[in-house]
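A short write-up of the structure that comes next.
Protein chains: 2
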Amino acid sequence: MKQRVGMIDVAREAGVSLGTVSNVYNQPDRVSPATRLRVQRAIDRLGYVRSETARVLRGRPSRIMAIVVHDLANPFCIALVQGAEQAARRAGLGIMVCNSAGDPAEETRYASLLIEHRIRGALIAPTDSSGQSITAMRRSEMPLVVVDDSRPGRDACSVAVDDVLGGELATAHLLAAGHRSILFVAGPARLPQIQARSRGALRALARARLPASAVTQLDCEKMTVTAGRDAAARILGMRTLPTAVFCANDLLATGVLQRLFEAGIRVPEDIALVGYDDIEHAAAAAVPLTSVRRPARLMGAQAANLLIDKTSSASPVEHTHRQVVLRPELVARRSSSRPGMHVPARP
Amino acid sequence: MKQRVGMIDVAREAGVSLGTVSNVYNQPDRVSPATRLRVQRAIDRLGYVRSETARVLRGRPSRIMAIVVHDLANPFCIALVQGAEQAARRAGLGIMVCNSAGDPAEETRYASLLIEHRIRGALIAPTDSSGQSITAMRRSEMPLVVVDDSRPGRDACSVAVDDVLGGELATAHLLAAGHRSILFVAGPARLPQIQARSRGALRALARARLPASAVTQLDCEKMTVTAGRDAAARILGMRTLPTAVFCANDLLATGVLQRLFEAGIRVPEDIALVGYDDIEHAAAAAVPLTSVRRPARLMGAQAANLLIDKTSSASPVEHTHRQVVLRPELVARRSSSRPGMHVPARP
DNA sequence: AGAAATCATGTAGACCGTTACATCATCGAG
DNA sequence: CTCGATGATGTAACGGTCTACATGATTTCT
């Protein structure tokens, strides 16, 4: 069982001093080509690998960053992760994925794990608005980028989508198709994203000079397919059915679609349906789903790049927080098309 | 701008020595309750957090482990990650997710990143059979668990599914429904998993005393929805259509289903369809998809636990590699039901 | 009772593998 | 002979863990 081989061993093997080996890595041009080669050979011979652990301890920025999401089962989060992973990979970094599963306690636990590891920084899609873990991280001076939190906070970098506009787009689309009885199937009302989308719906009504009563809201505890099925069950129990349903999320919409289908209600003929996020699944559903697209991969990538810039700049003091707000986009598909003017099946 | 606070600061604040603070963490019962409390208070007051970096450098096992998958876009891999993440969380560890994107070079790059970081260990779903990165890791003595590689190697821990059985189950199911002209839409033929499923198909034929010609194979470069659409296009160009299609993967099956539908071919009436993996999406498809279920989350969790056990045992020398092989299971849904005996729509 | 052994607490100091910085040779040019 | 370059060396951090040892109080033995 051989001992771990360190820089000293390499130095001895190459017949130079410790510092020279370090220089070969960090200031190659300060070392004469001959010595450099000798050191290189020693490194290969011994199969030496630098210890990041020691480098970080010495003050170098870590090459690991983290992304904390609230639901790994949600394709939107997955897309965020993919985007971030891709950007990180380009910069030679690795990504730690933390699933808070919507539990603020888990989020906090992960936060302390990350702080203890002195990682490069974190992308965080906060679970609750209180932002306990965020303040914990900020206290530890860990670089942070907040993702998918629409509230305009000037005290941190963030990447988000204009959810008010998103809600407006969806609603306006349905209004334009003639719907005057729209149900907004919302997620937990405490989430700022949900509130924003709801405000967007109202704005659409105002723009169209229609009464606020044209949209009613139905809150759900979770934003999953199952929750969508439950919501649909509640819809079916209503005295008068809405003519259109706008869901806060494509998973909810998928659940609603399934349950309505089972009840023999046709989409879009009987009820028009619009989702949110435009996850990949949406286009391939039984009835291709109209949805408000949020560019998740792009968001992940932008957030990661923001963090990388932030932590690469030589002078971290003069850093100003940047807020990126992306525009959502309505993707019309069959689930909301007016009878007789079907959108072709091909996505 | 305050200086980072370390153990010495805590010690000074509590009026004890450095070692005592360390003992409060590592051997709490060696220090008197009074002192312990005093130290605790100092820690809280100063907002001190231990540096994992320093601990690892001193020889403590890291609290980060990694999982390397070949395609983050594949729900099967996501499920693996979810399982591993859950298990890791229970053990207080964090998971680093690395997407090799099917590129052995990336896999190797990640491998060295992981080694440099001296992480706890790695779960790896290898991209190519050569296993370059695996040998790199093994040379560095990093604990390893191979996931989803069916080849029986006694030189590493592994968690896999019996893919031969999986291929047999799917084929036998179709044979039992009377199909005698089955097409196996395979992935890259070099992948051992694909080879195993193919062998399974042959075994099913042998068991049923049918000629090997009852199953033909169609290779695809990738295993994505798009590849599935392309495969379907090729199928449509055949002189005589098969009566059943068995896809190496649910993504392929989804693509095939879409393309066949567009061509006006009904599933299962005209062609029966069976997928593999049983991703969540499969049950919710337009035509619920029959599939061979692989318990991905369980695999991820088991692999993670294997790794945790391995790295927690006091005596790492007397460790014997364990190979876990799980049984796949056929989940019959409408896409393969015989006309007239429909499985109910509800998944 | 006095010496010795036991015990609970703390302390001191040597690492772990790097990096940064100050120092020190060496040598040709002016 | 002094000056600058240039290249290599030595060493002090970084923030912990851990072993060995000092301290004093309490118990045990003779």
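Chains as they are written, first to last, in this note's numbering: chain G, 110 to 456; chain Y, 110 to 456. C-beta atoms are modelled at their ideal positions from N, C-alpha and C, and glycine is treated no differently.
(request) Find out if the Cβ-Cβ distance for the pair L538(G), G230(G) is shorter than 7 Å. (result) Here chain G comprises residues numbered 110 to 456, so residue 538(G) is not present and cannot be evaluated.
(request) Closer than 9 Å, Cβ to Cβ, to anything on chain G: give me those residues from the region 200 to 219 of chain Y, in chain order. (result) G201, L202, G203, I204, M205, V206, C207, N208, A210, E215, R218, Y219
(request) Compare the Cα-Cα distances from E389(Y) to each of S444(G), R447(G), T363(G), S131(G) and report the closest residue. (result) T363(G)
(message) At the 7 Å Cβ level, is P425(Y) part of the contact set with chain G, yes or no?
(response) The pLDDT assigned to P425(Y) is 49, lower than 50, so where the model puts this residue is not dependable, and the model offers no usable value.
(message) With three or more beta-carbon pairs closer than 8 Å as the criterion, would you say the region 343 to 352 of chain Y touches the region 316 to 323 of chain Y?
(response) no
(request) May I ask you to list the residues that DSSP assigns as paired with L292(Y)? (result) T325(Y), V354(Y)
(request) Using a Cβ-Cβ cut-off of 7 Å, state whether A323(Y) counts as contacting chain G. (result) no
(message) Starting from G192(Y), trace the alpha helix (DSSP H) in both directions and tell me its first and last residue.
(response) 184 to 199
(message) Tell me the DSSP secondary structure of Q136(Y) in three-state form.
(response) coil
(message) Here's a check: name, in chain order, each residue in its chain whose Cβ is nearer than 6 Å to the Cβ of E194(G), leaving out the five neighbours to either side.
(response) I204
(request) Spatial neighbours of G124(Y) within its chain, please: CB distance less than 8 Å, with the 5 preceding and 5 following residues excluded, ordered by chain position. (result) R147
(message) Buried or exposed, going by whether 16 or more other CB atoms sit within 10 Å of the CB of S126(Y)?
(response) exposed
(message) Residues of chain Y with CB closer than 8 Å to the CB of T363(G), please, in chain order.
(response) A393
(request) Assign S322(Y) to buried or exposed, taking buried as 16 or more other Cβ atoms, counted over all protein chains shown, within 10 Å of its Cβ. (result) exposed
(request) Rank H226(G), R227(G), L222(G), T217(G) by C-alpha distance to the C-alpha of I243(G) and give the top, closest one. (result) T217(G)
(message) Counting C-beta neighbours from all protein chains within 10 Å, is the total for A285(G) 16 or more, i.e. buried, or is it exposed?
(response) exposed
(message) Along the region 149 to 162 of chain Y, where does the CB come closer than 8 Å to a CB of chain G? Name the residues.
(response) G156, V158, R159, S160, E161, T162
(message) What would DSSP say about P425(G), mapped onto helix, strand or coil?
(response) Residue placement at P425(G) is flagged as unreliable, the pLDDT there being 49, under the threshold of 50; the coordinate-derived value follows with that caveat. Coil, per DSSP.
(message) Within a Cβ cutoff of 8 Å, which residues of the same chain sit near L407(G), ignoring the five residues on either side of it in sequence?
(response) G192, L435
(request) Using three-state DSSP, classify R159(G) as helix, strand or coil. (result) coil
(message) I'd like to know whether the C-beta of L222(G) is nearer than 7 Å to at least one C-beta of chain Y.
(response) yes
(request) Could you pull the start and end residues of the alpha helix (DSSP H) that L311(Y) belongs to? (result) 301 to 316
(message) For A220(Y) and T129(Y), what's the separation of their Cα atoms in angstroms?
(response) 38 Å
(message) So, under 8 Å CB-CB, V254(Y) and L222(Y) are touching, yes? Tell me the CB distance rounded to an integer number of Å.
(response) That belief does not hold up - the Cβ atoms of V254(Y) and L222(Y) are roughly 18 Å apart, past 8 Å.
(request) Would you decide whether A305(Y) is buried or exposed? Buried here means 16 or more other CB atoms lie within 10 Å of its CB. (result) buried
(message) Could you give the first and the last residue of the continuous beta strand (DSSP E) run that contains A175(Y)?
(response) 173 to 178
(message) In the DSSP assignment, the alpha helix (DSSP H) including L435(Y) goes from what residue to what residue?
(response) L435(Y) -> not in any alpha helix (DSSP H); beta strand (DSSP E) instead, spanning 432 to 435.
(message) Using CA atoms only, rank isn't needed, just tell me which of A393(G), I380(G), V354(G), A353(G) is closest to L366(Y).
(response) A393(G)
(request) Quick one: using the 10 Å Cβ neighbour count with 16 as the cut-off for buried, is A214(Y) buried or exposed? (result) exposed
(message) Rounding to the nearest angstrom, what Cα-Cα distance links P252(G) and L189(G) in this structure?
(response) 18 Å
(request) Taking L382(G) as part of the beta strand (DSSP E), name the residues at either end of that continuous run. (result) 381 to 386
(request) Specify the secondary structure class of A123(Y) as computed by DSSP and reduced to three states. (result) helix
(request) Along the beta strand (DSSP E) that carries L181(Y), what are the first and last residues, could you check? (result) Note, L181(Y): premise wrong, no beta strand (DSSP E); not H, not E.
(request) Taking V119(G) and S249(Y) to be in contact with their CB atoms under 8 Å, please state how far apart those CB atoms are, rounded to whole angstroms. (result) About 16 Å separates the two Cβ atoms, so there is no contact after all.
(request) Return no unless some Cβ of chain G is closer than 7 Å to the Cβ of Q191(Y). (result) yes
(request) Classify E378(Y) as helix, strand or coil using the three-state DSSP reduction. (result) coil
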